[in-house]
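Worksheet: one structure, shown below.
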Amino acid sequence: DSQNYKFDANLDQVSVLEEIYDLLIPVLHVKDGIDMKSTHLLGTGNTRFYEQMEVLRKHKYEGWIISENYYDRAGLRDMNPDWFVTLKKDIEILRKEIDW
714 DSQNYKFDAN LDQVSVLEEI YDLLIPVLHV KDGIDMKSTH LLGTGNTRFY
764 EQMEVLRKHK YEGWIISENY YDRAGLRDMN PDWFVTLKKD IEILRKEIDW
């Protein structure tokens with residue numbers, strides 16, 4: 714998960730991903746936020762999302778990547794009354810990052 718180690722244990726997401734990469738099952742959930750889980754678009758929180766994607770790129774990750782941002786939470790839901798508009802923005806960000 715792209716935010717749980719930062720939020721739950723205040724660990725550096727990039728360092729953790731590097732350390733456990735060989736143990737990953739090929740499913741990664743992505744979300745971003747500051748102070749709370751899933752409050753920001755991907756890459757706009759404090760989880761170093763883009764650097765995590767660089768780690769995946771370096772290792773030639775070929776597994777699933779699942780958007781797990783909570784579009785009904787304050788922050789994301791406040792961006793647009795239509796949550797699908799916000800979801801589409803996140804998907805655009807993710808697509809640009811996984812085009813490797």
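Counting from 714, one number per residue, gives the positions in the sequence shown under this note's numbering. Quick reminder that beta carbons are idealized off the backbone N, C-alpha and C, glycines included.
- Assignment of Ser780 by DSSP, reduced to helix, strand and coil, places it in the strand class.
- Looking at the DSSP output, Leu741 sits in a beta bridge with Ile778.
- Put simply, the backbone Cα of Lys801 is about 13 Å away from that of Pro794.
- Relative to the Cα of Val798, the nearest Cα in the group Glu810, Lys771, Arg808 and Tyr784 belongs to Tyr784.
- For Gln765, the uninterrupted alpha helix (DSSP H) segment begins and ends at Phe762 to Lys771.
- In this model, Asp812 and Met766 are separated by some 11 Å (Cα to Cα).
- Rounded to the nearest whole angstrom, the CA to CA distance from Glu810 to Tyr763 is 8 Å.
- Across the structure, Trp796 and Lys773 are spaced so that their CA atoms are roughly 31 Å apart.
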